[in-house]
Amino acid sequence: MSGIRGQRRKNRVEGRRGDSRSDHGGDNGRRDDGGAFPLAAEQVLTGPLAGEGRAARRGRGRGRKRVNGGALRGAMAVVASAVVAVGTVTGVVSATSGERERATAAPEITKTPDMPPLPGAPTPSATTASPSASISASATATKRPAPTKTPPPAAKKPPARQQSAPVSANLYLHPQSQVLDWVRAHRGDPRHALIQAKIAAQPAAVWFAEYKPSTITNEVRKVTAGAAAAGRVPVVVPYAIPERDCGGASQGGAPDFGSYDSWIRSFGAGLGKGDVIVILEPDAIAQTDCLNDAQRATRFAALSRAGKALRAANPNARVYFDAGHSGWHAASKMAGYLRQAGAATNSDGIFTNVSNFHRTADEVAYARQVLSALGGPSSLGAVIDTSRNGNGAPAAGQWCDPAGRALGRPPTTRTGTSRIDAYLWVKLPGESDGCKGAAGSFTPDYAVDLANG
-17 MSGIRGQRRK NRVEGRRGDS RSDHGGDNGR RDDGGAFPLA AEQVLTGPLA
33 GEGRAARRGR GRGRKRVNGG ALRGAMAVVA SAVVAVGTVT GVVSATSGER
83 ERATAAPEIT KTPDMPPLPG APTPSATTAS PSASISASAT ATKRPAPTKT
133 PPPAAKKPPA RQQSAPVSAN LYLHPQSQVL DWVRAHRGDP RHALIQAKIA
183 AQPAAVWFAE YKPSTITNEV RKVTAGAAAA GRVPVVVPYA IPERDCGGAS
233 QGGAPDFGSY DSWIRSFGAG LGKGDVIVIL EPDAIAQTDC LNDAQRATRF
283 AALSRAGKAL RAANPNARVY FDAGHSGWHA ASKMAGYLRQ AGAATNSDGI
333 FTNVSNFHRT ADEVAYARQV LSALGGPSSL GAVIDTSRNG NGAPAAGQWC
383 DPAGRALGRP PTTRTGTSRI DAYLWVKLPG ESDGCKGAAG SFTPDYAVDL
433 ANG
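All letters in the sequence shown, in the order written, are residues -17 to 435 by the working numbering.
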């Protein structure tokens, strides 16, 4: 796993983050280079996650998932990542579509420069509905010229099958998620094939957005043990920082930092010994406008301790810190915050665009700028949430389930781009930011819109 690096998860803790926390709000793209993710050979993930944060996160994407137990340049859109439903989320954020990247505006994504939206928190179990699969029309055979021969019976073409997008060979698909629940319960639905092939089959992050100290270790262990048994790499999201989402849609978390420190240690106890990617507290660093200097310093100190504790608990864990997204803070400002939070010494890099819509090229360029300004070991990398950025960010201010968005690049740890460790689906496509469905809930029609682009 040593090559990985990382509008917001937040579908709001059941519904949001950042501009589109459920899609962190954001702008459009930048460039890609060559590089690879030093994890095991890619493998299929088996299960999406749940949860996401505030629809108002500054430029973040919304909607995320949570698992029982357990969670960006602010101008255009901020909190898209957090539409993660607060609460236990056990799910996978699977999604798909190729990497279609068109230039359009921002994330559940893009909010006004000064107020990017936050992602929503993921719901406990993820489910998604797929658009009706199209069936090819039957073709009728024409009669033969010879008058003595009767025309052959009409021949019908078999229904066209939906083709799944390429699936990462080394990421874990958790078997419990809202989208998988929906697929299992709606086999006769015309949207089933599309959702199954384009979203449910993709590995996604598993969110832990509920503060439950007594069960968090076992909840995390269920995911990491399942991944280890399958020979895959899980992506987990601890999401319980105090004052989460600045009191927005994905508000919640531990009651105080002493309790949070204890919760994080218990979280780490469930990480096991295998490779695992940890997306530490989406929006916790980029979204601190609601805090005064002393409160911000206290939070950053807690995140530094958290990164150190998680890496000590499992030396094979790759821990990434929040860097917002390209439409939020300037790279230099974000790097300053990250340095205060100990990212240069207690992390493996940064993550961007959680639950947001900013194009991959923009995020790659932004992530590199942040890493360069941050300093630290050259091994620090970045991971980017590509779950809903296929068409780029929507117009400024449109962060809640904006129309015209599309699935981004399939999850993979083989990016071919320097300093970019992985493209992940941190937010589960189809989980609403709160406009097309309840924040953090799986909405079939929205999933279909994303799958069709």
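Backbone N, C-alpha and C fix where the C-beta goes; we use that ideal spot for every residue, glycine too.
Spatial distance of residue i from residue j (CA atoms)
{"i": "ALA294", "j": "SER286", "result": "12 Å"}
{"i": "GLY213", "j": "LEU155", "result": "11 Å"}
{"i": "ALA510", "j": "ALA167", "result": "The chain is shown only over -17 to 435; residue 510 falls outside these bounds and no answer can be derived."}
{"i": "THR314", "j": "ALA305", "result": "Note that residue 314 is Ser in the sequence shown here, rather than Thr. Between SER314 and ALA305, the C-alpha separation is close to 11 Å."}
{"i": "TYR405", "j": "PHE303", "result": "15 Å"}
{"i": "ARG321", "j": "LEU356", "result": "6 Å"}
{"i": "ASP367", "j": "SER248", "result": "26 Å"}
{"i": "ALA186", "j": "ASN152", "result": "12 Å"}
{"i": "GLY52", "j": "ALA236", "result": "Per-residue confidence for GLY52 stands at a pLDDT of 37, beneath the threshold of 50, marking its modelled position as unreliable; the derived number appears in the next sentence. About 10 Å."}
{"i": "GLU192", "j": "GLY372", "result": "30 Å"}
{"i": "ALA377", "j": "GLY358", "result": "35 Å"}
{"i": "ASP227", "j": "CYS272", "result": "9 Å"}
{"i": "PRO411", "j": "HIS174", "result": "15 Å"}
{"i": "THR199", "j": "GLY250", "result": "7 Å"}
{"i": "ASN274", "j": "SER360", "result": "32 Å"}
{"i": "ASP427", "j": "TRP310", "result": "29 Å"}
{"i": "ALA429", "j": "ALA182", "result": "10 Å"}
{"i": "PRO424", "j": "ASP163", "result": "It should be pointed out that residue 424 corresponds to Phe in this sequence rather than to Pro. Their Cα atoms are separated by approximately 10 Å."}
{"i": "ALA433", "j": "THR395", "result": "22 Å"}
{"i": "ASP403", "j": "GLY240", "result": "32 Å"}
{"i": "ARG278", "j": "SER244", "result": "20 Å"}
{"i": "ALA385", "j": "ASP431", "result": "8 Å"}
CB contact flag (residue i, residue j, <8 Å)
{"i": "ASN296", "j": "LEU262", "result": "no"}
{"i": "ARG387", "j": "ARG370", "result": "yes"}
{"i": "ILE246", "j": "ALA288", "result": "yes"}
{"i": "MET316", "j": "VAL352", "result": "yes"}
{"i": "ASP238", "j": "PRO224", "result": "yes"}
{"i": "ALA209", "j": "TYR242", "result": "no"}
{"i": "GLY374", "j": "ARG350", "result": "no"}
{"i": "SER329", "j": "VAL408", "result": "no"}
{"i": "VAL260", "j": "PRO220", "result": "yes"}
{"i": "GLN160", "j": "PRO393", "result": "no"}
{"i": "ALA343", "j": "ARG401", "result": "no"}
{"i": "TYR348", "j": "ILE267", "result": "no"}
{"i": "THR334", "j": "HIS307", "result": "yes"}
{"i": "GLY435", "j": "LEU389", "result": "yes"}
{"i": "PHE282", "j": "ALA222", "result": "no"}
{"i": "PHE190", "j": "VAL218", "result": "yes"}
{"i": "ALA299", "j": "VAL258", "result": "yes"}
For residue i, the three-state DSSP class (helix, strand or coil)
{"i": "ARG169", "result": "coil"}
{"i": "TRP245", "result": "helix"}
{"i": "ALA236", "result": "coil"}
{"i": "ILE198", "result": "helix"}
{"i": "ASP403", "result": "strand"}
{"i": "ILE177", "result": "helix"}
{"i": "ASP155", "result": "Residue identity check: residue 155 is Leu in the sequence provided, not Asp. Coil, per DSSP."}
{"i": "LEU262", "result": "strand"}
{"i": "PRO220", "result": "strand"}
{"i": "VAL188", "result": "strand"}
{"i": "VAL205", "result": "helix"}
{"i": "VAL215", "result": "strand"}
{"i": "ASN434", "result": "helix"}
Any non-hydrogen atom of the ligand FMN within 7 Å of residue i CB
{"i": "SER369", "result": "You won't find the ligand FMN in this model; it holds no ligand whatsoever."}
Which whole runs of the beta strand (DSSP E) in the stretch 332 to 394 are 3 residues long or more, in chain order? If we require 3 residues or more, the beta strand (DSSP E) runs fully inside the stretch 332 to 394 come out as 363 to 367.
Is the number of C-beta pairs between the stretch 199 to 215 and the stretch 161 to 181 that are closer than 8 Å three or more? Contact between the stretch 199 to 215 and the stretch 161 to 181 is absent, with fewer than three C-beta pairs closer than 8 Å.
Is it true that the stretch 414 to 421 meets the stretch 374 to 383, where meeting means three or more beta-carbon pairs spaced less than 8 Å apart? Flag = yes, the stretch 414 to 421 and the stretch 374 to 383 touch.
Answer yes if the stretch 225 to 243 comes into contact with the stretch 177 to 190, meaning at least three C-beta pairs across the two stretches below 8 Å, and no otherwise. The stretch 177 to 190 and the stretch 225 to 243 do not touch, with fewer than 3 CB-CB distances between them shorter than 8 Å.
Quick one: which unbroken beta strand (DSSP E) runs of 3-plus residues sit fully inside the stretch 298 to 332? Chain order, please. Under the rule that a run must span 3 or more residues, the beta strand (DSSP E) segments found entirely inside the stretch 298 to 332 read 299 to 304.
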